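Per the numbering used here: the sequence shown = residues 9 to 212.
Glycine residues also receive a C-beta, built at the ideal position from the N, C-alpha and C atoms.
Model, not experiment: these values are computed from the prediction.
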Amino acid sequence: MSYDFEEVQTYAESHTTPPADPLRRLGEETEATQDAPQMSLGPNEGAFLRFLVTLMKPQRVLEIGVFTGWSSIEIARGLPAGGKLIALDVNEETTAIARRYAEEMGVADRIDYIVGDAGQTIAALEGPPFDLVFIDAWKPDYVDYYEAVLPKLAPDGLILADNTLGALDGNEGIVRFNEHVSADERVESVLVPIRDGLTMIRRV
Ligand SMILES: C[S@@+](CC[C@H](N)C(=O)[O-])C[C@H]1O[C@@H](n2cnc3c(N)ncnc32)[C@H](O)[C@@H]1O
Numbered sequence: 009m010s011y012d013f014e015e016v017q018t019y020a021e022s023h024t025t026p027p028a029d030p031l032r033r034l035g036e037e038t039e040a041t042q043d044a045p046q047m048s049l050g051p052n053e054g055a056f057l058r059f060l061v062t063l064m065k066p067q068r069v070l071e072i073g074v075f076t077g078w079s080s081i082e083i084a085r086g087l088p089a090g091g092k093l094i095a096l097d098v099n100e101e102t103t104a105i106a107r108r109y110a111e112e113m114g115v116a117d118r119i120d121y122i123v124g125d126a127g128q129t130i131a132a133l134e135g136p137p138f139d140l141v142f143i144d145a146w147k148p149d150y151v152d153y154y155e156a157v158l159p160k161l162a163p164d165g166l167i168l169a170d171n172t173l174g175a176l177d178g179n180e181g182i183v184r185f186n187e188h189v190s191a192d193e194r195v196e197s198v199l200v201p202i203r204d205g206l207t208m209i210r211r212v
């Protein structure tokens, strides 16, 4: 193959249905106001996530790492009637941005935002198991998030972990996470090389 990583990203994005207008503005506001705007999921992976949710029809979804809200809005847009997303982040300011755009998109009533440390929040979560969990918070804690959510996952539920190609950039938390999941005989996984990597994990 003769193409490079940046070329793939640009080409994939230009052949993905463009984001709805409020999401496009969310991207612009994130770019203008945040120190690390690249944390936002963006159009290509965001659309992929919404496709998955639309096909899976999960009733109960957990997101760990909301930031300014791109992924939570795309998940919420894909939910079936009655579906709920519980969205965790430690940052009150960025969660307020996420909530504002979710309201504008008409999906805020499908999202319960919980502001606080994800580790503590997950441990305290009660209720039916999750059909889908999206992990996208503090990379050194990925293994802990994973171990905390696995017992709360529905039997045929799916865990998605973002940024898992970060191992190739030497991200130690991600290296540890990828090795942990690869060695875990309770699950099977596939690392999808979309953007900087999305690992899909299900129980066997
Ligand atoms: C990569 S960003 C999430 C991007 C988001 N999914 C999106 O599509 O825009 C990581 C987020 O994890 C949050 N975070 C970091 N450590 C956390 C913790 N211990 N508990 C909860 N959230 C945390 C950060 O505040 C940040 O908003």
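C-alpha distance - residue i paired with residue j, whole-angstrom precision
| i | j | result |
| --- | --- | --- |
| residue 198 | residue 146 | 21 angstroms |
| residue 33 | residue 193 | 43 angstroms |
| residue 37 | residue 173 | 26 angstroms |
| residue 186 | residue 113 | 34 angstroms |
| residue 103 | residue 116 | 12 angstroms |
| residue 123 | residue 76 | 13 angstroms |
| residue 17 | residue 11 | 10 angstroms |
| residue 209 | residue 153 | 13 angstroms |
| residue 171 | residue 118 | 25 angstroms |
| residue 165 | residue 182 | 22 angstroms |
| residue 180 | residue 149 | 11 angstroms |
| residue 189 | residue 168 | 12 angstroms |
First through last residue of the alpha helix (DSSP H) which encompasses residue i
| i | result |
| --- | --- |
| residue 63 | 50-64 |
| residue 29 | 29-41 |
| residue 86 | 78-86 |
| residue 127 | 126-132 |
| residue 193 | No alpha helix (DSSP H) contains residue 193, which DSSP labels as neither H nor E. |
| residue 69 | No alpha helix (DSSP H) holds residue 69; the beta strand (DSSP E) holding it covers 68-72. |
Residue i - containing beta strand (DSSP E), residue span
| i | result |
| --- | --- |
| residue 93 | 92-97 |
| residue 207 | 206-211 |
Selected residue, minimal CA-CA separation from residue i, among the options
| i | options | result |
| --- | --- | --- |
| residue 143 | 87, 80 and 135 | 80 |
| residue 96 | 62, 129 and 58 | 129 |
| residue 22 | 52, 48, 28 and 120 | 52 |
| residue 151 | 42, 127 and 163 | 127 |
| residue 49 | 31, 64, 195 and 139 | 31 |
| residue 92 | 84, 99 and 98 | 84 |
Residue i CB to nearest heavy atom of ligand 2 below 8 angstroms
| i | result |
| --- | --- |
| residue 43 | By its list of ligands, the structure shown excludes ligand 2, since it contains just ligand 1. |
Touching by the beta-carbon criterion (3+ pairs, under 8 angstroms), the region 62-72 and the region 130-141: Because the criterion of three Cβ pairs below 8 angstroms is met, the region 62-72 and the region 130-141 touch.
Any residue whose CB is nearer than 5 angstroms to a heavy atom belonging to ligand 1, listed in chain order: Going along the chain, the residues that qualify are 47, 48, 49, 73, 75, 78, 79, 97, 98, 99, 125, 126, 144, 145 and 146.
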